[in-house]
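Notes follow the structure.
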Amino acid sequence: MISVFVVSFGVILMLSGLLAYLGKWTGWAESSAYLICGGFAALFFGVAFVFPYIHAALVPKGSILSGWLVPIAATLWGVSIIGFWWLPSFLLPKWFIQGREERRRLERLARDLKKGLNL
Numbered sequence: 015m016i017s018v019f020v021v022s023f024g025v026i027l028m029l030s031g032l033l034a035y036l037g038k039w040t041g042w043a044e045s046s047a048y049l050i051c052g053g054f055a056a057l058f059f060g061v062a063f064v065f066p067y068i069h070a071a072l073v074p075k076g077s078i079l080s081g082w083l084v085p086i087a088a089t090l091w092g093v094s095i096i097g098f099w100w101l102p103s104f105l106l107p108k109w110f111i112q113g114r115e116e117r118r119r120l121e122r123l124a125r126d127l128k129k130g131l132n133l
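Here the sequence shown is numbered in our numbering, starting from 15 and rising by one per residue.
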């Protein structure tokens, strides 16, 4: 029963992460004050949730591949957790990079205007 919940939750996370990457779900990025990458991390979290079950279903026990479960799962969880706050630019879609650059440009402009006006 728990495995059904975990796999279902993982699939939902993967779908939401995929929608974030495709630019179909952008509300999380527009409302974020810190420019975090949580929407994209959902994809990696989903894969991390589902991977052990897929691995158990496809890889026979005692196989050489079964020894790779822990290192791959640990890597997926590590990327997921770090990915919530930061992802390298090659893992970010163009729409997010452009929005982040525009937001930073506007913040610099506001800061410069504030300095120039002695506010």
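No residue lacks a Cβ here, since even glycine has one placed at the ideal position from N, Cα and C. Keep in mind the model is a prediction, meaning the values are calculated, not measured.
Straight through space, the alpha carbons of L127 and I86 are spaced by roughly 49 Å.
By the Cβ neighbour-count rule, L57 is buried, with 16 or more other Cβ atoms within 10 Å of its own. In the three-state reduction of the DSSP assignment, T89 falls in the helix class, which pools H, G and I.
The continuous alpha helix (DSSP H) containing K108 extends over residues K108 to G130.
Distances from the CA of S22 to each of C51, I68, I50 and G52 were compared; the closest alpha carbon is that of I68. Closest in C-alpha terms to G31, from the list I16, S17, A62 and L120, comes A62.
Counting other Cβ atoms within 10 Å of its Cβ, G97 reaches 16 or more and is therefore classed as buried.
Closest in alpha carbon position to S94, among G53, L36 and S17, is G53. Nearest in C-alpha terms to Y35, of all of F19, W100, L106 and A71, is L106. The residue among W99, R114 and P66 with its C-alpha nearest the C-alpha of L83 is P66. Look at L101 here: in three-state DSSP terms it is coil, with no helix or strand label. Collapsing the DSSP output to three states places P74 in coil.
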